[in-house]
Amino acid sequence: MRVTRLKNVRIVDGIHASSKPTDLYLVGPSLARQLPPETRIDATYDLEDHIAMAGGIDIHTHIGGGKVNLARLMWPERSTKEADEKPWLRPLSAPVPGTWETGQRYLQMGYTTCFEPAMLPANARQSHMEMRDTPWLDTGGYVVLGNDRMLLNMIALGAGQEAINDYVAWMVASSAAMAIKVVNAGGIDAFKFNQRQLNVDEVHPALPVRPRDILWSLSTAAEELGLAHPLHVHCSNLGTPGNITSTLATLDAVEGRRIHLTHAQYHCYGSDGPHGFSSEASKLADRVNRTNHISIDVGQILFGQTITLSADTMHQFANRKFASPRKVIFQDLECQAGCGLLPFRYKESQFVHGLQWSIGLELFLRIQDPTRVFLTTDHPNGGPFTGYPHLIRLLMDYDFRMSIFDRLHPDVRSVSTLPSLKREYRLDEIASITRLGPARALGLQNRGNLNPGSIADVAIYRNDDNPEKMFSSPTMVFRGGEMVLRDGLILRDCQKTVLISDFQTRQDALRWGARPEHSARWQKLYGYSPWLTALRTDEFAEEGLQIEHAHWHR
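Heads up: the sequence shown begins at 69 in the working numbering, then just goes up one per residue.
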C-alpha cells in the first residue's frame, strides 16, 4: 500500500481550526495523521506555505442527461478563442462542455465529486453512462419526481403515504439515485394544460392536487425511507418578482422535515422598487438562520454568456423572449417532467441581472452557518462552474466585491444592501461551503473533511493574497491517495465511484416494479415496461465502477 507524506501543510477543512503546519499522510485510499515509526514512506512533499483541503464537492451541477446533451447540440457555432495564458485559466470551449473537458476543468480547480441534480427516471441509465465518461470525478444523480403522472394520480386518488413511499423507493432504487429532486411541484404538468403559473396552494387544472400536497408527500417519503439527502427542491415561480411568498410557503409545506432549496438566489425576489423587482434575501436567510432543518445552495449568477436549461418548462417558456441568441428547445419526456433550453447573457448594465448578482451574494453573507449554504452557480444556468474561484474571491474580499458592485446599474446601487454587508469569508468557511457542508448534507461522512480514515481526496493550494488565483490552480490534487494532478497538468486517470443513497428498504424496493398491477399502470401511463429503464447496481461493476452508499446520520 502506497504511503505519501504531506509535510508542513496547513489543514483547512472547516473542522480543524489550527493554523499551525502539520503532517498529513495518505495511506492507500485513506487519510491518517500519525503512523507507526516503522512505516515506510514512499513519497514526501514539503508543502510549507500551502494549505490542504478535501476534494471539492459540487452538490448541484448539470453534467449529464438529455437536456445537457441538447445544450451541447443547440449551439455548435459557439466557440472560444484559446487564451495564451496557463491552459487551466482559459474559458470553457462551450457553455456546456463535453464530458472529458468537464472532468478536466473540475479537477484543475481541486474538485473531485459532482452531482447531476435533474435525472429523469426514463433517462437515468444514459445520465449515469455520461457521468461514467466524465473522468476524475465521482458522481451521483437526483431523480426528478413531483410532475410524474403516476405520483400525481396516487396523491389525487388518496393512495396513502405507504403506497407513495413504495413508489418513491422504486424510483430511487431503479434510477440508482442519491436523492429526490422536485422541480416546480405540479407546475410542469400543469403547463401541459396551458397553465402559466401554479402557486403552492393552487389546485392543478386537471387533478385535485396542490404543490403543497406533493411537497408534503415527497418530503415525508424521504424521511420515512431514510434517504441520506433531504428533498432537493426547485421552488414554484422561479425568477418571478414576489416569489419569496412561494418560497416561504414551500418551507412551510414540509412541516419541519429536512429540505434543501436549490439555486435559492432565483427564489427570494420581492416586487418593490422602481422596477417592481427587489431583494428578499434577508427573509430567506432569516428563516435558514432560525431553523436547523433547511440547507440551500445559492445558484450565484456570473456576468457573461451561458445557456439556461431546466426541467421547468413553464419558467423557460416564459423566458423564451429573452433568449440570446434567439433559439430555444422545448421537450417532454415520457410525461415524467419537462425540458426547456435557451441561451442567455447576464449583463452588468442590466438592472435585474445586477440585482440578481447582489442577491446571491447577500445569501452567502447573511446566512450564519457555512455548513448549510453551498457554493453553486447551478451550472450552466447562472454561469459556468469555472467561475467558482472568482466567486470565492467575491466572498473573501470586500473591496473586490465593491469594485464590481460600483459598475452595476445605478438603480441597483441605490436599492441593494450589499455594501452594508462587510463580512469576508475565511478559508475555513470556504472549505465549509465547498466541501464539509455539501458532504454532510449528502450523508457522505468520509468526504469533505481531512479526518483520519476519510477518503484521500486532497487538494493542495499555495497561499496567495488573491483567492481567485489561489483556487484556480491547485499545486497538487490526489484521488484515492494517488496524485492525479500537479501544477495544472493531469498525470493519470483514477478509479471512479458512483454515489447512491442507501435506505432501509432498498432491497425490497425493486419488487414494486414486478407486481402486475404496478407494471400495468406504468405501461398505461408511460408506454413501456418499468423494467426497460430500471438500473441494476451490478451494471456499474461491469463498467469498472465502484459503488458507495450514503447514509442519513440522524
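A virtual CB, placed ideally from N, CA and C, is assigned to each residue, including glycine.
Just to confirm before moving on: does the CB-CB distance between residue i and residue j stay below 8 Å?
i      : j      : result
Ala122 : Leu518 : yes
Phe453 : Val441 : no
Ser87  : Arg101 : no
Ala244 : Leu603 : yes
Thr601 : Ala192 : yes
Pro420 : Leu409 : The amino acid at residue 420 is misidentified as Pro; the sequence shows Val. It is not a contact, given that the beta carbons lie outside the stated cut-off.
Val483 : Leu175 : no
Gln404 : Ala190 : yes
Ala258 : Leu283 : no
Ala332 : Leu352 : yes
Ile362 : Ile312 : no
Gly451 : Leu370 : yes
Val480 : Gly422 : yes
Thr445 : Gln368 : yes
Leu514 : Ile523 : One detail in the question is off: residue 514 reads as Asn in this sequence, not Leu. Yes; because the gap between Cβ atoms is below 8 Å, this pair is in contact.
Rounded to the nearest angstrom, what separates residue i and residue j at their Cα positions?
i      : j      : result
Asp91  : Arg73  : 7 Å
His458 : Glu536 : 5 Å
Pro438 : Thr330 : 15 Å
Val366 : Ile472 : 19 Å
Gly505 : Thr359 : 16 Å
His383 : Lys75  : 52 Å
Val212 : Arg200 : 20 Å
Ile119 : Leu495 : 9 Å
Asp269 : Ser161 : 43 Å
Ile427 : Tyr493 : 17 Å
Pro104 : His621 : 32 Å
Ala349 : Thr315 : 11 Å
Asp152 : Thr318 : Unreliable placement is indicated for Asp152, whose pLDDT of 37 sits below 50; no coordinate value is reported for it.
Thr181 : Arg503 : 9 Å
Pro155 : Gly132 : Any answer about Pro155 is weak, because its pLDDT of 42 lies below 50 and its placement is not dependable; what the coordinates show is given next. Spanning the two alpha carbons is a distance of roughly 24 Å.
Leu286 : Leu188 : 16 Å
Ala247 : Ser500 : 21 Å
Ser347 : Ala290 : 31 Å
Thr207 : Glu184 : 8 Å
Glu150 : Arg554 : With a pLDDT of only 41 at Glu150, under 50, the local geometry of the prediction cannot be trusted, and the value read off the model is given with reservation. Rounded to the nearest angstrom, the two C-alpha atoms are 21 Å apart.
Ser541 : Ile498 : 16 Å
Trp599 : Lys592 : 14 Å
Pro159 : Arg173 : 10 Å
Asp570 : Gly612 : 20 Å
Arg508 : Ile615 : 18 Å
Phe261 : Asp474 : 45 Å
Ala274 : Gly96  : 57 Å
Leu476 : Glu416 : 5 Å
Phe390 : Thr376 : 11 Å
Asn267 : Leu510 : 28 Å
Gln418 : Gly134 : 31 Å
What residue does the alpha helix (DSSP H) around residue i start on, and which one ends it?
i      : result
Gly428 : 419-434
His458 : 456-464
His617 : Counting along the chain, His617 falls outside any alpha helix (DSSP H), though it belongs to the beta strand (DSSP E) covering 614-618.
Tyr210 : Unbroken run through Tyr210 is the beta strand (DSSP E), 206-213; no alpha helix (DSSP H).
His196 : 192-200
Tyr594 : 584-594
Tyr174 : 167-175
Ile282 : 279-293
Gly324 : First-last for Gly324: undefined, no H or E at that position.
Ile223 : 217-224
Ile232 : 229-242
Glu492 : No alpha helix (DSSP H) holds Glu492; DSSP gives it neither H nor E.
Phe50  : Residue numbering for the chain in the displayed model covers 69 to 622; residue 50 lies beyond these limits and cannot be assessed.
Met142 : 134-142
Just tell me which of the options has its CA closest to the CA of residue i.
i      : options                        : result
His300 : Asp525, His128, Tyr466         : His128
His619 : Leu429, Leu293, Asp126, Leu115 : Leu293
Ile568 : Pro276, Leu141, Ser242         : Ser242
Gly406 : Glu184, Asp570, Leu175, Val251 : Val251
Gly372 : Pro448, Glu616, Asn357         : Pro448
Gly178 : Ser597, Gly556, Lys592, Trp590 : Gly556
Pro276 : Pro89, Tyr235, Leu219          : Leu219
Pro393 : Ser522, Gln404, Tyr414         : Tyr414
Asn221 : His272, Met197, Ser417         : His272
Ala609 : Phe412, Pro584, Glu416, His196 : His196
Leu443 : Val80, Ile125, Asp117, Gly82   : Ile125
Arg530 : His586, Gly96, Glu198, Thr543  : Thr543
Name the two residues that bound the continuous beta strand (DSSP E) containing residue i.
i      : result
Asp114 : 111-114
Thr543 : Run containing Thr543: none; DSSP gives neither H nor E here.
Thr72  : 71-79
Tyr414 : 407-414
Gly124 : 124-126
Counting only beta-carbon atoms, is residue i nearer than 8 Å to chain D?
i      : result
Leu429 : Absent from the structure is chain D; it holds one protein chain and no more.
- request: Determine, using beta-carbon pairs with one atom in the segment 161-170 and one in the segment 211-228, whether at least three such pairs fall under 8 Å.
  value: no
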